[in-house]
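S.K.: Going by our numbering, the sequence shown opens with residue 2, and the numbers climb by one from there.
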Amino acid sequence: MSLPCLTNESEKDFDDSRKALSALETYLGSTVNTLESDIQKTLNTLKSHLGTLKSNVGSKVKRLDGDLKVLEEDFRKNVGYWIGLTDLKEGDWRWTFDQSNVTYKQWSNGNGSKELRLIALLTIL
């Protein structure tokens, strides 16, 4: 293509620029296709993980429901559960998992004050 108002050198620069822009367009098109493909793969992976997560949550909910049914049965049988308190040093009540001091609130007259043994075992009445 010959442009009468351009010198030979300008025309060469113009053609070189056109080729560079064409190569850039090809490169950008390829990059966009790669990105679209990668995004689709990522979405598919996330969908798969979401399905697995839903399945895991569902099984945990079922297990929790079973545990609640056991607690309900125990409630009817007056069963007690140890909740993790110990007084290895007499009267110094601590949580077994980290040995932190126990704090408590008085929940009714005579309960939860000096008789900490009342809260060392959770009794379902």
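Note that the Cβ used here is the ideal one computed from N, Cα and C, for glycine as well.
L51 by DSSP, collapsed to three states: which one?
M.R.: helix
S.K.: Could you give the first and the last residue of the continuous beta strand (DSSP E) run that contains D93?
M.R.: D93 to W96
S.K.: With DSSP as the reference, please indicate the residues paired to L86 in a beta bridge.
M.R.: According to DSSP, L86 bridges with W96.
S.K.: If you draw a straight line from the C-alpha of L22 to the C-alpha of Y28, how long is it?
M.R.: 10 Å
S.K.: Per DSSP, what kind of secondary structure is T124 in: helix, strand or coil?
M.R.: Unreliable positioning characterises T124 in this predicted model, as indicated by a pLDDT of 47, which lies under 50. A coordinate reading is not provided.
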